[in-house]
Amino acid sequence: MKYSISHVRAGIAALLVLFALVSYELSGLVQKAEAIPAFARKYDFKCNVCHVPGFPKLNDFGNLFRDRGYQLGSDADSPVYEGIGMGYWPVSLRTTVGYQAANVRTDGSGVTTGGFGFTGLDLLSFGTLDRNLAFGVVFTPGLGSAGFGTGGSDGDLEAAFVRLMRLERFFGVKSVSGDYLLNLKVGKFELDLPFSEKRSPTLNTTFAMYHYMPGTPYTATIGGTSTSSYLNPNTFAIGENQPGAELSGIKKTAGTDGYFRYSLSALATNSFSGPLSGCASGTTCGTGGRNVNFYGHVTQSFGGYGIVTGQRVGLFGAYGTAPTLVNPTCPTCQAVAGSGQPFTRLGVDVSLTLNGEWNLFGAWMWGNDSKNMFVSQGIADAQNASWNGAFVELDYAPALLPLLEMPDWFFAYRYDLIRNNRQGDPTFAKNYNNVDSHTVLVRYFIHHSTRTDLALHAEYNSYRTTGVGTNGGDLLGQTMLVGFDFAY
Amino acid sequence: MSMRWDRALWLWLCLVLVGCASAAPQAEPPCFSCGDQRLVRIVPLTKLRSNDQGSRFQHPVNLSQAEWETVLRGVMVRSTHSPLLGPSYQGATESLFLDEEVHAFGASLRQAFRQATEQEQVVFALARPSETGVTQVTSGAWFVEAGRMHLRLANCRVAVTMPSIQRQIWIDPLFAQAGTFYELVPGNHQTLVNQPSGGGGVFRLDPVELVIDRSGRREEVAPAAPEGPPSLPAVSSLEERLAVLKRLRDQELITEEEYRLKKQQLLERL
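Residue numbers (this note's numbering), protein chains in the order written: chain A, 1 to 488; chain B, 489 to 758.
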């Protein structure tokens with residue numbers, strides 16, 4: 001059956017109405033669910049102690065709890081604390097079930113897809129092994145039916161790490177209560193991004209800036225397609241979980257009534273970094289390479305943590321060398337490119353809050369990839385690829401929605417953009433792969449007791465990617481998701 | 489997607505945002521304790537989400553400080569736990585209000601009930617901050633009906649970290665948050681009402697209600713025959729009420745604005 005755009009419109013309208021009706025009806029279920037997310041169970045907290053209404057976004061307290069190694073500073077932090085219920089087990093799961101649809105158009109024609117399914121499944125375990133010794137594991141089973149039928153068949157250990165907290169004490173530094181000056185995290189983890197993508201309320205739309213790669217057309221998470229690209233051996237994206245080690249710390253700054261935070265990560269890529277054969281004279285054939293990249297982020301907040309109360313500014317950046325791949329048609333080109341070529345990312349981020357309910361935040365980042373990456377791909381007259389990425393998001397999490405006088409609503413709007421300054425392949429137009437993406441979403445907490453999260457979620461995204469479509473036209477896409485997001 | 493549909497979505501979003509931003513703040517009723525950690529104030533029934541509209545309470549009430557402290561110390565709670573594995577269990581029974589809270593809270597309630605009218609309830613909220621950053625909030629309403637004291641409890645030691653949520657509870661102490669781990673334990677001469685007549689609603693949790701038949705001085709709090717004249721020592725005459733009001737203003741326990749508002753309300757009843 002072929003769907004027209006009018007079908008999509010009608011479907012979206014119907015689902016939004018359905019969303020409102022269902023949220024009204026299901027609100028009567030509040031206080032009846034019995035599931036047990038790990039931390040809520042451990043501390044006897046309801047979910048919005050750590051999250052703004054409509055998880056998974058963390059509030060100030062939740063961010064501090066995470067920064068301090070999942071510790072409150074009380075006896076209950078220890079997993080063997082006698083006061084913890086006997087049923088405590090630090091495992092949670094999360095998925096979203098519902099209806100997802102996408103419409104992608106280029107050169108006047110398009111295709112619409114849609115269907116019921118689920119986004120995937122995360123099995124999460126976070127907690128403390130002992131005081132000042134935290135851990136985290138996120139396992140995603142390889143479910144072929146995940147991702148609304150487009151899931152991979154391989155499972156993935158998305159994160160697995162150990163955090164050693166308050167190492168400053170081994171250097172004779174005694175930190176005051178609440179400060180964790182020197183902490184070490186080892187394993188695979190999400191970088192200390194300006195704003196965590198894992199904790200973002202958007203389920204269907206990634207932060208374009210976090211994943212953008214010159215030469216690789218941006219498409220939405222679902223339903224994307226393109227007809228042109230050029231090769232870029234760089235696979236580093238700050239939005240991807242990375243294996244490595246991270247030093248971090250947080251200190252309350254009395255002068256600003258806020259917090260100073262820092263993180264510095266050394267990240268090991270495990271990709272191929274040199275030619276296995278066909279090396280030019282004088283070069284060394286590789287056997288698979290490990291390149292170390294670096295990422296850092298510092299923030300200073302004023303009058304609070306900067307997510308629910310106060311304001312926050314930050315600087316972040318990454319530097320590394322991306323493994324270059326052998327050009328199969330030109331093995332000797334590798335000698336020109338070398339086995340690792342530099343890339344740079346630099347950015348700033350700002351978060352502003354108002355009245356404890358509004359949060360306006362965003363980030364800007366400049367990226368640059370060495371021309372030798374593209375030389376290694378046999379691209380003639382290759383040049384450095386540079387680009388700017390940015391996003392701005394406005395979140396509204398009212399304690400009680402005015403007029404309707406309803407609690408537990410969450411609204412958000414985000415604008416993502418990518419602007420290329422120079423393409424690695426000079427035959428591509430300067431604005432090739434520019435991105436404009438608008439996302440609106442609304443979530444309603446059907447249930448958020450001390451035991452579980454269940455939210456009704458509606459998200460709509462519209463994006464345009466310049467020049468990646470048929471005959472060099474733009475790619476226009478829309479995605480929509482209406483479903484239940486729950487964590488247990 | 490056509491521009492028309494785009495515009496409709498934007499219009500919808502804008503309406504939501506503008507509606508949220510333009511909500512007019514409500515005038516704060518006079519309160520007898522207005523701090524960040526303790527709130528006691530009189531609220532007309534018309535401003536409460538309850539089915540008590542039209543009720544006539546036996547207000548004002550003139551209990552002594554000692555009697556209020558006795559009432560407060562008599563409200564008992566216990567923690568409840570429902571683990572994933574294993575049976576549910578309860579913690580030890582303890583007083584809802586701590587000793588260090590009882591004196592000041594009782595004094596505020598005493599003042600409030602001396603001025604409350606038969607169509608007003610006394611709402612309250614107490615915050616108990618901790619070093620961990622979590623604040624335990626207890627809130628609800630008190631009233632006297634048919635010679636019995638009623639405590640309508642919306643939040644019982646609920647953990648709050650969001651300032652907006654605490655602010656909302658301060659605006660409406662009957663705004664119940666999900667996730668309480670405590671339950672009221674009725675003692676002698678106390679009864680739990682399973683379905684209280686107000687405070688909850690379609691989008692809100694229902695509070696629990698404790699009815700106290702007698703306190704330390706039963707003969708004053710609970711008249712034997714509800715149909716008869718209330719035995720509660722009331723500040724009955726208009727002159728007395730105005731005098732009390734003037735004294736509270738002179739003692740700077742209420743502001744000049746609150747004084748004028750209350751005085752006008754009393755005079756309108758003539």
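Virtual Cβ for every residue (Gly too), placed ideally from N, Cα, C. All figures in this text were calculated on a predicted structure; none of them were measured in a lab.
- The beta carbon of Lys185 (chain A) lies closer than 6 Å to those of Phe161, Arg163 and Glu246 in the same chain, with the five residues before and after it left out.
- Boundaries around Ser652 (chain B) are those of the alpha helix (DSSP H), Pro651 to Ile659, since no beta strand (DSSP E) includes it.
- Of the residues assessed, Arg529 (chain B) falls on the buried side of the cut-off, its CB having 16 or more other CB atoms within 10 angstroms.
- Per DSSP, the beta bridge partners of Tyr262 (chain A) are A:Gly249 and A:Val298.
- Secondary structure remark: continuous beta strand (DSSP E) runs of at least 3 residues inside the stretch 416-458 of chain A, in chain order: 435-448.
- Excluding the 5 residues flanking it on each side, Ser196 (chain A) has same chain C-beta neighbours closer than 7 Å at Glu190, in chain order.
- Interface criterion not met: the Cβ of Ser627 (chain B) is under 8 Å from no Cβ in chain A.
- Spanning the alpha carbons of Asp738 (chain B) and Gly594 (chain B) requires a straight line of approximately 21 Å.
- Against chain A, the CB of Ser652 (chain B) has a partner CB under 8 Å away; the residue lies at that interface.
- Against chain B, the CB of Lys46 (chain A) has a partner CB under 8 Å away; the residue lies at that interface.
- Contact annotation for Glu197 (chain A) against chain B: no contact, minimum CB-CB distance about 22 Å [criterion: below 9 Å].
- Of all alpha-carbon atoms in A:Glu158, A:Asp485, A:Leu72 and A:Gly249, the one lying nearest the alpha-carbon of Pro243 (chain A) is that of A:Glu158.
- Not one beta carbon of chain A lies nearer than 8 Å to the beta carbon of Gln525 (chain B).
- Judged by DSSP in its simplified three-state form, Asn372 (chain A) adopts helix.
- Interface annotation, Arg655 (chain B): in contact with chain A, CB-CB separation under 8 Å.
- In this structure Asp408 (chain A) is in contact with Pro53 (chain A), their Cβ atoms being roughly 5 Å apart against a cut-off of 8 Å.
- In the DSSP assignment, Ser576 (chain B) falls outside any beta strand (DSSP E), carrying neither H nor E.
- Against chain A, a Cβ distance below 8 Å from Gly621 (chain B) picks out Phe61, Leu64 and Leu72.
- Annotation: Asp130 (chain A) to Gly73 (chain A) spans about 12 Å, alpha carbon to alpha carbon.
- DSSP, read as helix, strand or coil, puts Trp89 (chain A) in coil.
- Those residues of the stretch 287-315 of chain A placed with their C-beta closer than 8 Å to a C-beta in chain B are Val308 and Thr309, ordered along the chain.
- Using a CB distance cut-off of 8 Å, Ala580 (chain B) does not count as an interface residue toward chain A.
- The residue from A:Gly320, A:Gly467, A:Ser228 and A:Gly303 with its alpha-carbon nearest to that of Ser265 (chain A) is A:Gly320.
- Residue environment analysis places Arg345 (chain A) among the buried positions, since at least 16 neighbouring C-beta atoms fall within 10 angstroms of its C-beta.
- Residue burial is scored here from C-beta neighbours: Thr128 (chain A) has at least 16 other C-beta atoms within 10 angstroms and is therefore classed as buried.
- Ranked by how close their Cα comes to the Cα of Thr253 (chain A), the residues A:Ser301, A:Arg41 and A:Trp366 have A:Ser301 in first place.
- Secondary structure note for Leu560 (chain B): its alpha helix (DSSP H) is the uninterrupted segment Gln553 to Arg561.
- Residue-level contact by beta carbon fails for Ala615 (chain B) and chain A, as no gap is shorter than 8 Å.
- CA-CA distance, Leu93 (chain A) to Leu121 (chain A), rounds to 7 Å.
- For the pair Val348 (chain A) and Gly314 (chain A), the CB atoms are nearer than the 8 Å cut-off.
- Bounds of the beta strand (DSSP E) holding Arg163 (chain A) are Asp156 to Leu164.
- Straight-line spacing of the CA atoms in Leu481 (chain A) and Asn461 (chain A) works out to 9 Å.
- Beta-bridge partners of Phe484 (chain A) (DSSP): A:Val97 and A:Leu456.
- When the five nearest sequence neighbours on each side are left out, the beta carbons in the same chain lying within less than 8 Å of the beta carbon of Lys734 (chain B) are those of Tyr747, in order along the chain.
- When only Cα atoms are considered, Gly467 (chain A) and Ile659 (chain B) end up about 54 Å apart.
- When secondary structure is reduced to three states using DSSP, Asp75 (chain A) falls in the helix class.
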